[in-house]
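To start, the structure itself, in structure tokens.
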Amino acid sequence: MRAAAESRRSPALAARIRSGLSRYLVMIAVTLALFAIVLLVSGSDLAASFRGLFRSSFGSLYGLSEVVVAMIPLLLTALAVALPWRVSLINVGGEGQLYIGAAAATWGALSFPGLPPVVLLPLMMLLGFAGGVLWALVPALLRAAGTVNETITTLLLNSVAPKIAGFLIFAFWHSPMDTVKTANFVPAARLPAFFGSRIHLGIIMGGALLAAFWAFMKWTRWGLEMRAIGGNPEAARRAGIPVRRLLLLSLCAGGGVAGLAGMAQVSGFYGVLLLNFSNGLGFMGFLICWMAGGQPLGIVLMSFVVAVILAGGDVLQLTSNLPFAVINILLAGTLFVVLARPTLFGRQKS
Amino acid sequence: MTWLAVMGVLSSAIFSGVSLLYATLGEVVGQRSGVVNLGLEGVMLVGAAAGFAATVITGNPSLGIVVAMLAGGLMNLVLGYLVINRGANQLASGLALMFFGFGLSALIGKPYVGTRAASIPRIALPGTAYLPQRIASLFSFDLLIYLAVPVALLVWWLLYRTRWGLALRATGESVAAVYASGRDPGAIRYQALFVAGMLAGLGSAHLAIAYAMSWTEHMTGGRGFIAVALVIFSGWHPVRAIYGALLFSGAVAFQLLLQSAGVPVSPFLLDTIPFLLTILVLAVSGGGRRHLAPAGLGRLYSGRE
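Sequence lines, in order, name chains W and C. Here the first sequence is numbered in this note's numbering, starting from 34 and rising by one per residue. Here the second sequence is numbered in this note's numbering, starting from 56 and rising by one per residue.
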């Protein structure tokens, strides 16, 4: 009996692994093809650019470590989308939440430079989280009240947040030399880095939160209730699940995680708060989460793919003198393929 | 604060808001057929870049406008392929289109950063010829501004007074009903999306060729997002979209007034006004407008319903 069940399950599992593998291989092939097209159109040296891309991603330990560094904020912004997605909320506001989280964490770093790192870093994380929550609160309240869809409000607030951060930098925080960024953080306000690379503690934050998310959805009552709401909100409401409260909480928690991504960037990566530093990390988080179907492991894999694309963007900028924004074409092309092949890439939410 | 300065502010607010009206009208057409395009910002950017590049190359702004419209229409066809033929999720496809637009417009516009192009000629309002030059110049607008409201009425006529519009609106309400009546909902959505893209391209052409007269990356500055929001505010109605555009122009005017009056508010904060006002307006009016949304908005169509 049991053996029969096993044998029935294993071909399905093998098929899933095969389709999963083919998914990533197709995606990588498409990205490389697009990369080649962009290079050809701009008339640059194909072979040299590909060598550059390889060297800055898989080809060297340093390149690989830089890809991991680029993954850190993506893991968090993707989780920021995955959490509300479980209750069928679309959080496209990661970009804005990230900026406010970064600004809040910066305030902590600049206000309490004397604190020891064991106090200051958790405080900054808390502030970053709180900033993101704050930025998600208005869309969450409007949605819970049933007035405005969260998609449009989170999208609009993305355009507001960088300007608020810019205002704070310009009016209060800018360093004496430079008006587009704050003074450098004190070492106590920097997330520690490992292995002599730029990989910082943010990678553990991202990994731990993704693992916690997985366990939370699988094993807790709230996780079950959230899945129920995502499946059928009306049925969930009638079953006595506090739908509104969970909608509110999950969108705010998502915002908080995006805020943490902002904290990780300013504290771990830059060590200052820069004007317009994000370049779409929040949006990329949405696309990663979407391509991964909201699954934690998929988020890790897709973040890796996107981080390689980002490395490709740097190469394009250096070797071909193309604007960095051109990486968006590579990202979009990869996505178009995923979107256009729903049968190959599993189920889609309508 | 002189009367002249106030007039100047209003005049430039109109200039700034017209692109938004065209884009909103386009999004109304698209959403009436049941397709949400969150990538409108990217479509506008590509329209602006392509239109501006064509204007610089040919020296002919009219040709630039045509190119911008075609570019917008083609961008929307990409979305059409994904959501109509491949049955992809509309929101994700829209965001992918947005990314595509960010990248493509940067690539198209790169050689033209810092270039200036021939602008659309301005036509003075009749009767202002006798006024002093500096006042009369406030009343002279380009053709696209004069055409904005007529185009809104034209879109209304197309949607509500033609068979094509009836079929289009029916597609947004119930794909199955349209299919059962012997029409092809996919073709109707393609047409709607193409028209929507052309209108967005027209708006962005005005932005790049007549208003800014230059190309910079991200020059639409969130207008595409605001337009998507104003579609809700307008209750999916082309004529009410005019109020939405006026609202945006009003916000810009307020922003400019504060600036020219020397109120010490950071320009960073002033730039947030249009977005915050849009959210506020939606929060106040949003709940009451939900029933106006096309019933089938955002639904997948498989062709076998």
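Here a beta-carbon is modelled for each residue, glycine too, at the ideal position from N, C-alpha and C. In this text, all values refer to a predicted model and were calculated from it rather than measured experimentally.
In the structure shown, S236 of chain C falls within a coil segment according to DSSP collapsed to helix, strand and coil.
Nearest in C-alpha terms to T215 of chain W, of all of W:F200, W:L224 and W:F228, is W:F200. Taking a cut-off of 8 Å for Cβ pairs, the stretch 141-152 of chain W and the stretch 221-233 of chain W touch, as three or more such pairs fall below it.
Residues of the stretch 264-283 of chain C with a Cβ closer than 8 Å to any Cβ of chain W, in chain order: E272, G276, G277, F280, I281 and V283.
Beta-bridge pairing by DSSP links R177 of chain C to C:D197. Sorting C:P319, C:G256 and C:P329 by C-alpha distance to the C-alpha of G156 of chain C places C:G256 at the top. Against T226 of chain C, chain W offers no close residue; the least beta-carbon distance is about 17 Å (beta-carbon pairs closer than 8 Å). Note on geometry: alpha-carbon atoms of Y245 of chain C and I139 of chain C lie some 8 Å from one another.
Of all residues in the stretch 292-322 of chain C, the ones placed with a Cβ closer than 8 Å to any Cβ belonging to chain W are S321, in chain order. A104 of chain C and G351 of chain C have their alpha carbons spaced roughly 33 Å apart. Flagged as an interface residue toward chain W: A151 of chain C, by a C-beta distance shorter than 7 Å. When 7 Å is used as the limit between beta carbons, A338 of chain C is near these residues of chain W: L175, T180 and V181, in chain order. The beta carbon of G85 of chain C sits closer than 6 Å to the beta carbons of N92, A247, L248 and A251 from its chain, once the five residues preceding and following it are set aside; these are given in chain order. DSSP places T186 of chain W within a helical segment (H, G or I) once states are collapsed to three. Excluding sequence positions up to five before and after S98 of chain W, its CB lies within less than 8 Å of the CB of F228, S230, R231 and I232, all in the same chain and listed in chain order. M158 of chain W sits buried, since 16 or more C-beta atoms from the chains shown fall within 10 Å of its C-beta. Take the alpha-carbon of L167 of chain W and the one of A48 of chain W: they are about 43 Å apart. Sixteen is the threshold: when 16 or more other Cβ atoms of the shown chains lie within 10 Å of the Cβ of R87 of chain C, as they do, the residue is buried.
With respect to the 7 Å criterion, T110 of chain W and G315 of chain W are classified as neighbours on the basis of their beta carbons.
For L146 of chain C, the closest Cβ of chain W is nearer than 7 Å.
Between the C-alpha atoms of L221 of chain C and P349 of chain C there is a straight-line separation of about 13 Å. Taking I332 of chain W as the centre and dropping the five residues before and after it, the same chain places the C-beta of L108, A111, L112, A115, L243, I321, C322 and A325 closer than 7 Å to its C-beta, in chain order.
Nearest neighbour of A135 of chain W by Cα position, chosen from W:A297, W:S90 and W:V125, turns out to be W:A297.
Chain-ordered, the chain C residues with CB closer than 7 Å to the CB of T184 of chain W read L146. Residue environment: K196 of chain W is assigned as buried (16 or more neighbouring CB atoms within 10 Å of its CB, all protein chains considered).
The residue from C:G94, C:L285 and C:W270 with its alpha-carbon nearest to that of T170 of chain C is C:W270. The alpha-carbon separation between A241 of chain W and I112 of chain C amounts to approximately 54 Å. Counted as a single uninterrupted DSSP element, the alpha helix (DSSP H) harbouring T79 of chain C occupies residues W58 to R87. Linking L146 of chain C to Y298 of chain C through their CA atoms gives a straight-line distance of about 26 Å. For the stretch 192-223 of chain W, the set of residues with a beta-carbon nearer than 8 Å to any beta-carbon of chain C comprises S192, V193, K196, I197, G199, F200, F203 and A204, in chain order.
Leaving aside the five residues that flank L355 of chain W on each side, the residues in its chain whose CB is nearer than 6 Å to its CB run, in chain order, S75 and L349. Proximity of T57 of chain C to chain W, defined by a Cβ-Cβ separation below 7 Å, is not satisfied. Residue C:E272 holds the alpha-carbon nearest to the alpha-carbon of L159 of chain C among C:G119, C:E272, C:S117 and C:P322. The stretch 271-282 of chain W and the stretch 137-148 of chain W do not touch, with fewer than 3 CB-CB distances between them shorter than 8 Å. Taking a cut-off of 8 Å on C-beta distances, the stretch 204-212 of chain W does not touch the stretch 127-134 of chain W, as fewer than three cross pairs fall below it. Close partners of A358 of chain W in chain C (Cβ separation under 7 Å): F157, G158, A161 and E272.
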